[in-house]
Amino acid sequence: METAFALTGKGYVLLAADTTAVHSIIKVKTDVDKIKELSPCLLMAYSGEPGDTVQFAEYIERNIRLYHIRNNFPLRPPSAASWIRRSLADSLRSRKPYSVNLLLGGYDTSTYMPHLYWMDYFGTLAEVPFAAHGYGSYFTLSLLDKYHDPEATVEEGIATLKRCIDEVSKRLVVSPARFKVKIVDKDGVREIEL
Amino acid sequence: MPDGSFSHPQERQFNPYTENGGTILAIAGADFSVVAGDTRQSEGYSIQTRYAPKVHKLTDRAVLAVNGFAADGNMFVKKVKQRLEWYRHAHAKDMPLRAIARLIQTMLYGQRFFPYYVYNILGGIEEDGTGAIYSFDPVGSYERETCRAAGAAMALVQPFLDNQIYFKNQQAPADSPHPVHLPLQDVLSIVIDSFTSATERHIEVGDGLEIYVILAKGRSAQGLESIRNVQEMSTNPEGDRVFVIRRELKKD
Amino acid sequence: MSIMQHNGGSVIAMVGKDCVAIASDLRLGVQSLSITSDFEKIFPVTDRLFVGLPGLATDVTTLREQFRYRVNMYTIKEEREIEPQTFAQLVSSTLYERRFGPYFIEPVMAGMQKTPAGGYAPFIAATDLIGCLNFAKDFVVAGTASEKLFGVAEGLWEPDLEAEDLFETISQTLLNALDRDAFSGWGAVVHVITKDKVITRKLKGRMD
């Protein structure tokens, strides 16, 4: 079942998302990347209705890119979050709303602060120290309540993230086979092999 | 169908329950208990009567407040009283409070699959002379407590009681901790305030207020003397005593 | 469960002597799952006016942005700050604009209103989700704990409370109501507004 979660640490944000594409009871793919790199220091994990997710994520990706090209500077994480939220909120009251849930992790190169935003398909936006979407959230949020440290090093952050992945693998009925993990910090975004 | 045909299936249903509004409330002191209820009985937006007692004296040391579906409530009280009378005939004494509480749970659970649609609060004096309150849900789950509100205005009254009786969210000074039990006079003020507040904001609460006060054997009537409209209900002034205070509530 | 209860949250406002107070919880949840404990739903409009927006969280943000835009436009056009009474009408018409597809928010306002004599008078108001105004003289409540807030406030509130006493009254009312509501709580914030200053305090309460 679809699960995504994220946590902040000292100068970075870690995002993890499962890599399975499901159709009915069939696993169609096990190497899907559900974390988009929106700009040099901004990551977005998306989940929800198949079709809506990719369509909406690409729309966001391209518009964030357009802003970057036009202004020579990318949108900073708080502004990007606000704009994406508004897109979802407007969509909610349209004829066909997108049902896409997001985690937005970014590093603000102006204030040198990591930011993590939790967003659902209603357009509810909250800045949080750690977050999760999907059934996995029922396990990981309580784990993160206990183990999350906003001052943790990358190694400690990854260790905490591993705890979450292990717990989901152990307890979730249909647990995802693999997770893709990405990090964003002052050096930009990159993938992490666990 | 208007044309009298039977081509469409029809469903008929009889609903054996209704909700008759009102609120009840009980607070236990160290050596007394207070059980109160308003006297309005309503159905929907209509008032059926302005005086339908919800608080009933069972024995000289036990008072039962019943709230919810009035027909069920009245029948339930009648049956409890009958069981208590049988007990008197068999044992030549009144049933102790904690035994009445267990009796009520058994009687309620006996109707587990066609419940009495009522919330009960039993108040009185325990055999050791302490004030006690027992609250029940419609199928007999029960618990001894210090204070409890039930009925239409439960949501309005209970948090107020948490604050005023249990001193929730209040920090006590280091040299004077919060009292475990309040004096009778304070309890009566809180009860009256609770009901005037509930009457103000809830349409199903009002008309009249009946407050039963049960005093442990040997306890003076201190705290009652300044109260107007007090009537003694007990048969034996030497044992546990029961008083009732009647007040008017707003009728709009 | 109703959409009004989806995210949880409650707001209350009270009148005192030459002061008003407005307070709310800080929870943001999705049904029974709590997401964060620092979701503010009370926002400053002017130096002497606050608006609380309990209800569906997406609409909290949307309406907050909408009100900020409209108040800014008003300030620029009129070259003066908006008065609480006027703002209440603005809130009402903004909500009624969406009469048949409403924002799921029940706003609560508290502020100090300029009087013709040149002084300031306490002002509170609340509306339902389609903008029906309620100008109460004592207190107004809204959100998932509204019933509980009504009960406690009716018992604790009295007329002409001084700023510090009003703070204690609104705090006790809020905290005790929140503790009996599963959808509100996880911290609280109180603003006490007088004619020349605003005192904001975060309350320590139960976190369950």
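Residue numbers (the numbering used here), protein chains in the order written: chain A, 28 to 221; chain B, 1102 to 1353; chain C, 47 to 254.
Backbone N, C-alpha and C fix where the C-beta goes; we use that ideal spot for every residue, glycine too.
By a C-beta neighbour count over all protein chains shown, 10 Å radius and 16 as the cutoff for buried, is histidine 237 of chain C buried or exposed?
By the neighbour-count rule (16 or more Cβ atoms within 10 Å), histidine 237 of chain C is buried.
Is there a C-beta anywhere in chain A that falls below 8 angstroms from the one on isoleucine 81 of chain C?
Isoleucine 81 of chain C has a beta carbon lying within less than 8 angstroms of a beta carbon in chain A.
Taking C-beta pairs closer than 9 angstroms, name the residues in chain B that valine 235 of chain C reaches, listed in chain order.
Within 9 angstroms Cβ-Cβ: nothing; valine 235 of chain C doesn't reach chain B, min ~15 angstroms.
Buried or exposed: which applies to leucine 93 of chain A, given that a residue is buried once 16 or more other Cβ atoms fall within 10 Å of its Cβ?
With fewer than 16 Cβ atoms within 10 Å of its Cβ, leucine 93 of chain A is classed as exposed.
Leaving out five residues before and five after isoleucine 176 of chain C in sequence, what residues of the same chain have Cβ atoms less than 7 angstroms from its Cβ?
Scanning its chain for C-beta atoms nearer than 7 angstroms, with the 5 sequence neighbours on each side dropped, one finds around isoleucine 176 of chain C the residues Leu141, Tyr142, Arg145 and Pro148, in chain order.
Coarse secondary structure for threonine 240 of chain C, derived from DSSP in three states
Here threonine 240 of chain C sits in strand by DSSP.
Determine whether the Cβ of valine 57 of chain C lies closer than 8 angstroms to any Cβ atom of chain A.
So no, valine 57 of chain C is outside the interface.
Please report the distance separating the alpha-carbon of valine 1135 of chain B from that of alanine 1299 of chain B.
Taking the Cα positions, valine 1135 of chain B is about 18 angstroms away from alanine 1299 of chain B.
Near glutamate 183 of chain A, what residues of its chain come up, given a Cβ to Cβ distance below 6 angstroms and the 5 sequence neighbours on each side ignored?
For glutamate 183 of chain A, there are no CB contacts under 6 angstroms within the same chain when 5 residues up- and downstream are skipped.
Tell me whether serine 1147 of chain B sits in a helix, a strand or coil according to DSSP, three-state version.
The three-state reading of DSSP puts serine 1147 of chain B in strand, counting E and B together.
Output, in chain order, the set of chain B residues within a Cβ distance shorter than 8 angstroms of asparagine 222 of chain C.
Residues of chain B passing the Cβ test: Pro1260, Phe1261, Asp1263, Asn1264, Lys1269 and Asn1270.
Under DSSP, the alpha helix (DSSP H) around lysine 189 of chain A begins and ends at which residues?
Residues 181-198.
Residue span of the alpha helix (DSSP H) that contains methionine 158 of chain C, given as start and end
Run containing methionine 158 of chain C: none in the alpha helix (DSSP H); it sits in the beta strand (DSSP E), 154-160.
For histidine 1192 of chain B, report the span of its alpha helix (DSSP H) as first-last.
Where histidine 1192 of chain B is concerned, the enclosing alpha helix (DSSP H) stretches over 1171-1192.
Residue interval of the beta strand (DSSP E) (run including proline 90 of chain C):
According to the DSSP assignment, proline 90 of chain C belongs to the beta strand (DSSP E) that extends over 88-92.
If you follow the beta strand (DSSP E) that leucine 79 of chain C is part of, which residue opens it and which one closes it?
Looking at the DSSP string, the run of the beta strand (DSSP E) that includes leucine 79 of chain C is 79-82.
So, at 6 angstroms on beta carbons, what are the nonlocal neighbours of isoleucine 219 of chain A in its own chain, with the 5 sequence-adjacent residues on each side left out?
So the list reads Val208 and Ile210, once near-sequence residues are dropped.
Going along chain A, which residues have a C-beta under 8 angstroms from asparagine 53 of chain C?
By Cβ distance, chain A contributes Thr151.
Could you give the residue range of the beta strand (DSSP E) that holds phenylalanine 149 of chain A?
First-last for phenylalanine 149 of chain A: undefined, no H or E at that position.
Is it the case that the region 217-224 of chain C contacts the region 65-72 of chain C, given that we only count it when at least three CB pairs across the two stretches are under 8 angstroms?
Segment contact: the region 65-72 of chain C against the region 217-224 of chain C, three or more CB-CB distances shorter than 8 angstroms; contact assigned.
Mind checking the region 167-197 of chain C against chain B and listing, in chain order, the residues whose C-beta falls within less than 8 angstroms of any C-beta there?
Correct list: Glu193, Lys194, Phe196 and Gly197.
Limits of the unbroken alpha helix (DSSP H) element including histidine 95 of chain A:
79-98 is the extent of the alpha helix (DSSP H) around histidine 95 of chain A.
CB contact below 8 angstroms: phenylalanine 229 of chain C versus chain A:
False, the Cβ-Cβ gap to chain A never drops below 8 angstroms.
Decide yes or no for the touch test of the region 1205-1212 of chain B against the region 1111-1129 of chain B: beta carbon pairs closer than 8 angstroms, at least 3 of them.
The answer is no - the region 1111-1129 of chain B does not touch the region 1205-1212 of chain B, with fewer than three Cβ pairs under 8 angstroms.
Please list, in chain order, the chain C residues whose beta carbon lies closer than 8 angstroms to that of serine 1236 of chain B.
Here the premise fails: no neighbours, minimum Cβ distance about 15 angstroms.
Output the distance between the C-alpha atoms of valine 1258 of chain B and leucine 102 of chain A, rounded to the nearest integer angstrom.
The alpha-carbon atoms of valine 1258 of chain B and leucine 102 of chain A are separated by roughly 51 angstroms.
Proximity of glycine 75 of chain A and valine 40 of chain A at Cβ, strictly below 8 angstroms
Going by C-beta atoms, glycine 75 of chain A is not nearer than 8 angstroms to valine 40 of chain A.
Bridge partners for glycine 161 of chain A per DSSP, in chain order?
Assignment of beta-bridge partners to glycine 161 of chain A by DSSP yields A:Thr30.
Let me know if alanine 1202 of chain B comes out buried or exposed under the rule of 16 or more other beta-carbons within 10 Å of its beta-carbon.
Burial call: buried.
Thinking just about the alpha-carbon of each residue, which of B:Thr1140, B:Lys1158, B:Lys1269 and B:Glu1246 is nearest to the one in threonine 1150 of chain B?
Looking at the Cα atoms, B:Thr1140 is the closest of the given residues.
Using DSSP with H/G/I as helix, E/B as strand and the rest coil, what is glutamine 131 of chain C?
Here glutamine 131 of chain C sits in helix by DSSP.
Return the first residue and the last residue of the beta strand (DSSP E) that tyrosine 1243 of chain B is part of.
Annotation for tyrosine 1243 of chain B: the continuous beta strand (DSSP E) segment containing it runs 1243-1246.
Within a Cβ cutoff of 6 angstroms, which residues of the same chain sit near tyrosine 1188 of chain B, ignoring the five residues on either side of it in sequence?
These residues qualify, in order along the chain: Met1196.
Looking only at its own chain, which residues have a Cβ that is under 7 angstroms from the Cβ of alanine 134 of chain C, when we skip the five neighbours before and after it?
Excluding sequence neighbours, alanine 134 of chain C sits near Met155, Ala171 and Leu179.
Determine whether the Cβ of phenylalanine 146 of chain C lies closer than 8 angstroms to any Cβ atom of chain A.
Output row for phenylalanine 146 of chain C: interface = no.
I'd like the span of the alpha helix (DSSP H) that includes isoleucine 1312 of chain B, first residue to last.
In this chain, isoleucine 1312 of chain B is not harboured by any alpha helix (DSSP H); it is covered by the beta strand (DSSP E) spanning 1309-1316.
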